[in-house]
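Just below is one structure, and these are the notes that go with it.
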Amino acid sequence: MSRFTYDHLHLRAADPEALATWFSTFLDGERKAVVDASGKKRIIMEVAGHTLFVEEVDAGTAGTPAAPFRGLEHLGLGVKDIRAVMEEMRAKGVKIAMEVKELRPDLKIGFIEGPEGVRVELLQRG
140 MSRFTYDHLH
150 LRAADPEALA
160 TWFSTFLDGE
170 RKAVVDASGK
180 KRIIMEVAGH
190 TLFVEEVDAG
200 TAGTPAAPFR
210 GLEHLGLGVK
220 DIRAVMEEMR
230 AKGVKIAMEV
240 KELRPDLKIG
250 FIEGPEGVRV
260 ELLQRG
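If you use this note's numbering, the sequence shown corresponds to residues 140 to 265, in order.
Here's what the structure looks like:
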């Protein structure tokens, strides 16, 4: 058994409210707390059973490069009906970064994009 457990994913944003609102509005994210982190706002959220920290950075901080890039590139969330979810996202005005692709008979994926260039992969397995 691993001695490690998942704790959180830490996202940084010039406008943490906009990013947290995007996760709440489109991905059923739940705000758990807002705390001061060394003088910066940190919004603690739960998304798909995982903890996300959405923390403020100075506006001059470098942004996310265009994908693909090295390092942590996206968050992957499983769904039961990817085509229906992608159509729901489109109807709500969410940016579709990649339309649904069938990679294998048992795997379909698509990407959406939120504020700060945060990309979320939606996956339907089975």
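Every residue, glycine too, gets a C-beta built ideally from N, C-alpha and C.
*Quick one: grab the DSSP three-state call for residue 152.*
Against the sequence shown, residue 152 aligns to sequence position 13. Strand at residue 152.
*Cβ-Cβ separation, residue 168 to residue 185 (assumed contact under 8 angstroms), whole Å*: Within the sequence shown, residue 185 is the residue found at index 46, counting from 1. Within the sequence shown, residue 168 is the residue found at index 29, counting from 1. About 7 angstroms; that satisfies the 8 angstroms criterion.
*Residue ranges of each beta strand (DSSP E) within the stretch 199-239, 3 or longer*: As far as the stretch 199-239 is concerned, its whole beta strand (DSSP E) runs of at least 3 residues are 213-217.
*In terms of alpha-carbon separation, which member of 256, 223 and 258 lies closest to residue 247?*
For this step, residue 247 is matched to residue 108 along the sequence shown. Checked all of 256, 223 and 258; the closest Cα to residue 247 is 223.
_Which residue marks the beginning of the beta strand (DSSP E) containing residue 172, and which one marks its end?_
Looking up residue 172 in the sequence shown gives position 33. That run of the beta strand (DSSP E) goes 169-176.
_Alpha carbon of residue 153 to alpha carbon of residue 141, nearest angstrom_ = As a working note, residue 153 is residue 14 in the sequence shown. As a working note, residue 141 is residue 2 in the sequence shown. Residue 153 and residue 141 have their C-alpha atoms some 35 angstroms from each other.
*Enumerate in chain order the residues of its own chain whose CB-to-CB distance from residue 258 is below 7 angstroms, with the five nearest sequence positions on each side excluded.*
The sequence position of residue 258 within the sequence shown is 119, counting from 1. Contacts found: 206, 212, 213, 236, 250 and 252.
*Please report the Cβ distance between residue 239 and residue 225, rounded to the nearest whole angstrom; I am assuming they are in contact, meaning their Cβ atoms lie under 8 angstroms.*
Along the sequence shown, read from residue 1 onward, the residue named residue 239 stands at position 100. Along the sequence shown, read from residue 1 onward, the residue named residue 225 stands at position 86. Right, the Cβ-Cβ distance comes to about 6 angstroms (below 8 angstroms), so this counts as a contact.
*Apart from the five residues just before and just after residue 262, which ones in its own chain have a Cβ nearer than 8 angstroms to its Cβ?*
Looking up residue 262 in the sequence shown gives position 123. Around residue 262: 215, 216, 217, 218, 221, 246, 247 and 248.
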